[in-house]
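Participant: Residue numbers (the numbering used here): 67 to 309.
The structure follows.
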C-alpha cells in the first residue's frame, strides 16, 4: 500500500508533533525538552485510500540525575518544623545515602584520634617505633620526599603540570585538591574506575552533567586534554594518556 503521510503524536497530544510525507521518513526527538519520566509515542500511518495503522510506543526519559532528599522518609510521620536536605548526584557516579548521623562520625573521629595521640605522646615504646619505621634522610630524599609521584609511563609531564594548574583553578573547590571530593554532592575522583573512560571526562568537563557545570566550555582542546590527563593519572589513578 502507498503511504500518504505519517503523523507522530507525543503523550496525550491531539496535534501531531511531526508530519512526514516523503521518504525517508525521519524525525529527531529531543528528549531534553521533555520532563524525566514515562512518556508515550504514537505513530499513525495514513495510507492512500483511507486506511491507517497505529503504533503506540511507551518509553522513559532519564536525562537528569536523581535528587536525594534527606530528612523525611517515604510514608513516615513528621511533626513541627522539618529540615530537608537535597543532593544531586552524577549519573556515572551514583549518590550514596548516608546511613548514620554525621555527629556520630565526628565523635568517633575524636575518640580514635585522641587514643592515637595519647599512645604516641605518653608511651615510651612510641619513640622506638618511630625510629624503626622512619627511613634515613638520604633514602627519603632519593624518593622525592613529600613531592608528587612522577607521571606514569607514556604521560607527558609538561601536560600533567598544565592539567594540574587547570584543575586547581577550576575543579579543586568541589572535588578537593586531593581528589577526595565531598560525596554525595561532589563525587571522589581518587580511585574512581569510571575515569578509565577518557571521552566521558572530556564530555563532562566541556558540557557539564547533573550538578556539575560546564567548567570547560571555553577550554581549548589542549586544555581539555591536559586536565583530563591530570585527573586520570593523579590521586592514585594511573589510566595513562588521553588518546
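Cβ atoms here follow ideal geometry from the backbone N, Cα and C, with glycine treated the same way.
(1) Residue 87: buried (16+ other C-beta within 10 angstroms of its C-beta) or exposed?
(2) Let me check understanding here. Comparing Cα to Cα, which of 232, 117 and 298 lies closest to residue 219?
(3) Residues in the same chain with beta-carbon distance under 6 Å from residue 121, minus the five sequence neighbours each way, listed in chain order, please.
(4) Rounded to a whole number of angstroms, what is the C-alpha to C-alpha distance between residue 114 and residue 95?
(5) Does the region 255-268 come close enough to the region 167-176 that 3 or more CB-CB pairs lie under 8 Å?
(6) Might you give, ordered along the chain, the residues of its own chain that have their beta carbon closer than 6 Å to the beta carbon of residue 136, omitting 5 neighbours on each side?
(7) Quick one: give me the first and last residue of the beta strand (DSSP E) that residue 152 is part of.
(8) Cutting at 8 Å between CB atoms, please list the residues of its own chain near residue 101, excluding the five before and the five after it.
(9) Determine the direct distance from the alpha carbon of residue 143 to that of residue 154, and round the result to whole angstroms.
(10) Who are the near neighbours of residue 268 in its chain, counting only those whose CB is closer than 6 Å to its CB and skipping five residues on each side?
(11) For residue 225, tell me which candidate among 179, 178, 288 and 173 has the shortest Cα-Cα distance.
Facilitator: Reading it off the structure:
(1) Working through the chain shown from its first residue, we reach residue 87 at position 21. Exposed is the call here.
(2) Translated into positions along the chain shown, residue 219 becomes position 153. Checking every option, the nearest Cα to that of residue 219 belongs to 298.
(3) Position 55 of the chain shown, counted from the start, is the residue given in the question as residue 121. Correct list, in chain order: 109.
(4) Here residue 114 corresponds to residue number 48 of the chain shown, with the count starting at 1. Here residue 95 corresponds to residue number 29 of the chain shown, with the count starting at 1. Using only the alpha carbons, I get a separation of about 26 Å.
(5) Between the region 167-176 and the region 255-268 there are fewer than three inter-stretch CB-CB distances shorter than 8 Å, so the stretches are not counted as touching.
(6) Translated into positions along the chain shown, residue 136 becomes position 70. Around residue 136: 151.
(7) Residue mapping note: residue 152 aligns to position 86 of the chain shown, counting from 1. Start and end: 151-154.
(8) Residue mapping note: residue 101 aligns to position 35 of the chain shown, counting from 1. So the qualifying residues of the chain are 127.
(9) One-based indexing of the chain shown puts residue 154 at position 88. One-based indexing of the chain shown puts residue 143 at position 77. Cα to Cα, residue 154 sits roughly 24 Å from residue 143.
(10) As a first step, residue 268 must be located in the chain shown, where it is residue number 202. In the same chain as residue 268, and ignoring 5 residues on each side of it, the C-beta atoms closer than 6 Å to its own belong to 290 and 294, in chain order.
(11) Within the chain shown, residue 225 is the residue found at index 159, counting from 1. The shortest CA-to-CA distance from residue 225 to any of 179, 178, 288 and 173 is the one to 288.
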